[in-house]
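Each residue of the first sequence is one higher than the last, beginning at 17 in my numbering.
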Amino acid sequence: MPRLRKRFFNRSVHEVAPELIGAKLLFNGVGGLIVEVEAYHHTDPAAHSYNGETERNAVMFGPAGYAYVYRSYGIHWCLNFVCEEAGSASAVLIRALEPTDGLAAMQRRRKTDDPRLLCSGPGRLTEALGVTRAHNALALDAPPFELWAREREVEIASGPRIGITKAMELPWRYGLEGSRFLSKPFRSLP
DNA sequence: TGCCCGATTAACT
DNA sequence: GTTAATCGGGCAA
C-alpha cells in the first residue's frame, strides 16, 4: 500500500478528493479510513480562500501536500489537505473516518465508546485525533501525519456539501457508498 | 470599532 | 425542531 506523497496532492482538487475515499489517515498512529471529504477551490464562493489570502488561510495559498487547520464556529478544529500548485488556494476538507487505529486514544478524547461518534464529522474527527491549530501548515508526508493510498477500488457517492450557504448546488462532497461512518447519509441514486 | 455570520456539535424541548 | 458555545473575517460606520 503506497504512501501518499506531496505529488499526489499536486493535481486538481476534484481529482484528489474522490481518490482520498478509502485512503488511510493516521495522526501520531491514531486514525482510520477516510470515508467522507469535500472539495473547495478558490473560485468557489464557499471556499475560505475565495476573498483572498489572510493570516488564517495563508497555508491554502502555499504548495500542495500540507495541512490547513482552522477554527470552526469558534469551537471546533477542521482539517484540510492543500491541493494543486502553490497559489491555487484549493483544499479538501476531511469530514469523516472509519476508525481503525488507536481506538483507545480516540475514545478517551471523545469521551464515548460508540465508534460512530468518534470520527463522523469534521469537528469530531480532529478531536479524536488530537489535531489543533498547532498542526496547521505541517507536511502530510511526514510525522505526525501518515497517509496511505487505498488498497481496493471503492464505490464513491457524491452530493451537495454540508453546512454552507453559498454554492450549495455544487456536488463536491464525496463519500464511501454505504458506509455507516458518514457524518450524514448521501441521498440514494434515482 | 462594532456587529453579523459561518466548511459544527451536543444538549435541550 | 431549537439553541448555546465562542472565534476570526468581512463589511459598515
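C-beta atoms are modelled at their ideal positions from N, C-alpha and C, and glycine is treated no differently.
Judged by their CB atoms, Leu141 and Pro131 are not nearer to each other than the 9 angstroms cut-off.
Leaving aside the five residues that flank Gly137 on each side, the residues in its chain whose CB is nearer than 6 angstroms to its CB run, in chain order, Ser199. Partner residues in the beta bridge of Ile172, as assigned by DSSP, are Leu192. Around the beta carbon of Lys127, fewer than 16 other beta carbons sit within 10 angstroms, so the residue counts as exposed. When only Cα atoms are considered, Leu186 and Glu54 end up about 10 angstroms apart. A direct Cα-to-Cα measurement between Thr116 and Met184 gives close to 32 angstroms. Taking a contact to require three or more Cβ pairs closer than 8 angstroms, the stretch 155-163 and the stretch 73-82 qualify as touching.
Counting other Cβ atoms within 10 Å of its Cβ, Arg149 stays below 16 and is therefore classed as exposed. Per DSSP, His30 lies in no beta strand (DSSP E); the unbroken alpha helix (DSSP H) holding it starts and ends at Val29 to Leu36.
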